[in-house]
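Shown next, in structure tokens, is the structure this report addresses.
2 protein chains.
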Amino acid sequence: MRRTGAAVGIRRQHTAATDPRGAGERPDERDFLAGYDPRAFDPIAVTVDVVALTLRGGALHVLAVRRGGPPFEGAWALPGGFVRAGRESLDEAAARELAEETGLRAPALDRVHLEQLGSYGDPGRDPRMPVVSIAYLAFAPGLPDAHAGSDAAGAAWLPLEAILPGGQPAAEPSRPFEQGRRPGTHGGGTGRRPAPVRPEAQKSAEAQRSAEAPEPAESPEAAAPAVPSGQAPVRLAFDHGRILADALERARAKIEYTPLATAFLAPTFTIGELRAVYETVWGAPLHAANFHRKVLSVPGFVESTGRTETDARPGSRGGPRARLYRSGDARLLHPALLRPDREAAVR
Amino acid sequence: MRRTGAAVGIRRQHTAATDPRGAGERPDERDFLAGYDPRAFDPIAVTVDVVALTLRGGALHVLAVRRGGPPFEGAWALPGGFVRAGRESLDEAAARELAEETGLRAPALDRVHLEQLGSYGDPGRDPRMPVVSIAYLAFAPGLPDAHAGSDAAGAAWLPLEAILPGGQPAAEPSRPFEQGRRPGTHGGGTGRRPAPVRPEAQKSAEAQRSAEAPEPAESPEAAAPAVPSGQAPVRLAFDHGRILADALERARAKIEYTPLATAFLAPTFTIGELRAVYETVWGAPLHAANFHRKVLSVPGFVESTGRTETDARPGSRGGPRARLYRSGDARLLHPALLRPDREAAVR
DNA sequence: GTAATAGTGTCTCTCAGACACTATGAG
DNA sequence: CTCATAGTGTCTGAGAGACACTATTAC
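Protein sequences appear in the order of chains A and B.
Each step along the first sequence adds one to the number in this note's numbering, with nothing skipped, and position 23 is 102.
Each step along the second sequence adds one to the number in this note's numbering, with nothing skipped, and position 69 is 148.
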């Protein structure tokens, strides 16, 4: 029997037994009436949760807020909130939540890519009441520290590797972020290319917090988990771990056939920076020369600005000034970039 | 609904109505109340809608129900209904709706692929009240006539071409279902089986009602549209037209990289039948010889049964007996099948 | 100087697409 | 017989991946 990833098998549900509502009458009638008085039904809360991804110092980070009360008090969770019934669309609600948590305003916010990821509504996912969450996925360029926004007890960018060690579903031999990048570990994670492991990615987790990306000023009163320190996997509240995993897989797939990787970068960028995005999100090193040629060969992916890097280049180890590009007008990459590996994902 | 005594804040969130984004007070306090009594919020109804696609006589059909009351009384709509709060997951709700509408029971229903498509929650999409719909997409093998299920005034399989003439986004020169086999065009294609396909699809609208798919006992009072007669595009109720368009695009993309096309077929099938699925869903003719080789070369896509067609082959105009295959165990096609042309279209 | 990067050239292998061709069976 | 299909052989062009190589800059 087929069925891919998120597919569900169908089982026959029976419901009659426990249905407290009228037995004889046509369900449609009930629905009709319920349509006018939804309170005849058990209420379901509708929220949006946002998985906002960004790159800080060469590592993927996700925006998280600290919960100030039970359940999961003190735990990290995805930012989100209730949809304002009838007054905003789901997309608008997600954008609003993102803006509140990041403190971004219009101009900067426009550079953020936001798309719907999926909905989560398993019974019991919130112990208090039935809640359906519509999850959104956001790609943002390097952002300043998260605002402990208006309605967030504490917000911070957490390194993804602290939450999803190894990187994700579909157990692959290639462990994206942690493994293979550490000095002591065996050569290359994927095994493909032992040498060119990018040092940036390597030191990212630590180096970042200390120097380039000092963690956001923690909400003072919150004593609990500061930004997690590398090793022990952080468990997100509710089913947010699963949502995050789904989001990561979506992000990895999406940059294959769309130019959205550029959404992680400044308006102008070098091919090397773009390659770093792919390497970080996919968790695998890419062949620099071929990547370069490939990107320039896909119509509409990037367009030249005619300029080159001029200022001091952070972390540069030397080399010629790279040319600067901006995002092109293509919405789909054609042909798509191919993720290395993939073999294992099939079975 | 259950509530736990000590509940605090469902999530840092302000109550929608007030949302003073209160200066001093901790938002979490308000959350406390909000989480505790969701009725403090304007209620949002949560429903699932199912886009069930099947192939009947060489044309894509979608399951639809006729609305028995306002709004959109008499119009066709996607089958769907309210999620039973706290007692079923979204997936289960979708499966339940599909079962009710198709009248399918366990064994047959297990062969149906069902996956979440996306959520729709624009304000005003239902004139009566705020409703968020989680849409599902189903691929089903040729199914019998739709049951006027327990809660459906009338249910029927409508030819997609009657609703989305021309087929959908990305307006292509290739018109999916209507475009005829151009004599002189290379062998295969939508034009493959000129006899069965064309006329069928064309007359399907009428023929179906009279012979092959007699409309489910029409809801007597509903005078409105019988199964739409070919030409005038049917407008679905609510935003279901857009949902259907999204579903079709998803289906077209999904069969590229998953073996889900086989979900439209019987447990065993020929390569020619499989190709007909692709041609119908993509609305474009494929090169028969290359398709054949390609399918057999993708690991895990199909596996041979060792048998060949034996019975009378409907619509056959001669030729050798085709070998029979069944679906393989791959979840992803590797490398993927490529859709002809491709242009722009991204969400 | 060394080391690392930007960018180009070019080879090989895979695969998609096109065509040619044989074999089979319905009418 | 004709004609449409099932299935195989094979060529060509595009493109991915690998490697070699030059040029440029930080240290």
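Glycine included, every Cβ here is placed at the ideal spot set by N, Cα and C.
On a predicted model such as this, the values are computed, not experimentally measured, just so you know.
Cutting at 7 Å between CB atoms, please list the residues of its own chain near residue i, excluding the five before and the five after it.
i        : result
B:Thr126 : Gly159, Gly160, Phe161, Val162, Val210, Ser212
B:Tyr336 : Leu411, Leu412, Ala415
A:Arg204 : Val210, Phe317, Asp318
B:Phe151 : Ala316, Phe317
B:Met208 : Ala124
A:Gly398 : none
A:Ser395 : none
Strictly under 9 Å for the Cβ-Cβ distance: is residue i near chain A by that measure?
i        : result
B:Gly397 : no
B:Arg163 : yes
B:Ala290 : Any answer about B:Ala290 is weak, because its pLDDT of 32 lies below 50 and its placement is not dependable; what the coordinates show is given next. Not one chain A Cβ lies under 9 Å of B:Ala290.
B:Gly221 : no
B:Val211 : yes
B:Asp128 : no
B:Arg354 : no
B:Glu167 : yes
B:Gly203 : yes
Thinking C-alpha only, which one of the options is nearest residue i?
i        : options                                : result
A:Leu243 : A:Leu315, A:Trp236, A:Ala185           : A:Leu315
B:Glu240 : B:Ala324, B:Arg204, B:Arg410           : B:Ala324
A:Gly200 : B:Leu169, B:Ala219, B:Lys333, B:Gly197 : B:Leu169
A:Arg372 : A:Gly136, A:Leu353, A:Ala332           : A:Leu353
A:His192 : A:Leu237, A:Pro149, A:Ala219, A:Arg405 : A:Ala219
B:Thr389 : B:Thr359, B:Thr347, B:Asp408, B:Ala368 : B:Thr347
A:Gly407 : A:Thr341, A:Gly221, A:Ala172           : A:Thr341
A:Ala124 : A:Pro206, A:Ala187, A:Ala391, A:Gly182 : A:Pro206
B:Ile350 : B:Arg402, B:Met208, B:Pro186, B:Arg145 : B:Arg402
Do you know offhand how far residue i's Cα is from residue j's?
i        : j        : result
A:Leu344 : A:Pro393 : 15 Å
A:Asp121 : B:Gly153 : 28 Å
B:Gln195 : B:Ala131 : 12 Å
A:Gly147 : A:Glu180 : 15 Å
A:Ala311 : A:Arg321 : 17 Å
A:Ala363 : A:Ile334 : 14 Å
A:Pro238 : A:Gly137 : 10 Å
B:Ala330 : B:Trp361 : 9 Å
A:Ala368 : A:Gly221 : 25 Å
B:Pro149 : A:Ala172 : 29 Å
A:Val141 : A:Trp236 : 5 Å
A:Thr387 : A:Glu167 : 43 Å
A:Trp155 : A:Arg175 : 20 Å
A:Glu358 : B:His366 : 37 Å
A:Ala178 : A:Arg145 : 17 Å
B:Leu188 : B:Gly182 : 9 Å
B:Thr382 : A:Ala391 : The sequence given here places Glu at residue 382 of chain B; Thr does not occur at that position. Cα-Cα distance, rounded: 59 Å.
A:Arg184 : A:Ala332 : 29 Å
Give a yes or no on whether the C-beta atoms belonging to residue i and residue j are separated by under 9 Å.
i        : j        : result
A:Ala143 : A:Ala234 : yes
B:Leu412 : B:Phe380 : yes
B:Leu139 : B:Leu339 : no
A:Gly197 : B:Pro202 : no
A:Val377 : A:Ala409 : yes
B:Arg405 : B:Thr384 : yes
B:Val356 : B:Leu134 : yes
Using a Cβ-Cβ cutoff of less than 6 Å, which residues in the same chain neighbour residue i once the five nearest sequence positions on both sides are dropped?
i        : result
A:Asp128 : Leu157, Gly159, Ser212, Ala214
A:Leu417 : none
A:Pro419 : Ala363
Is there at least one Cβ from chain B nearer than 9 Å to residue i's Cβ?
i        : result
A:Ala124 : yes
A:Ser198 : yes
A:Asp121 : yes
A:Gly362 : no
Kindly list the residues whose CB is nearer than 8 Å to the CB of residue i, restricted to its own chain and excluding five residues on each side of it in sequence; keep chain order.
i        : result
A:Pro186 : none
B:Arg190 : Ala219, Pro220, Ala342, Pro346
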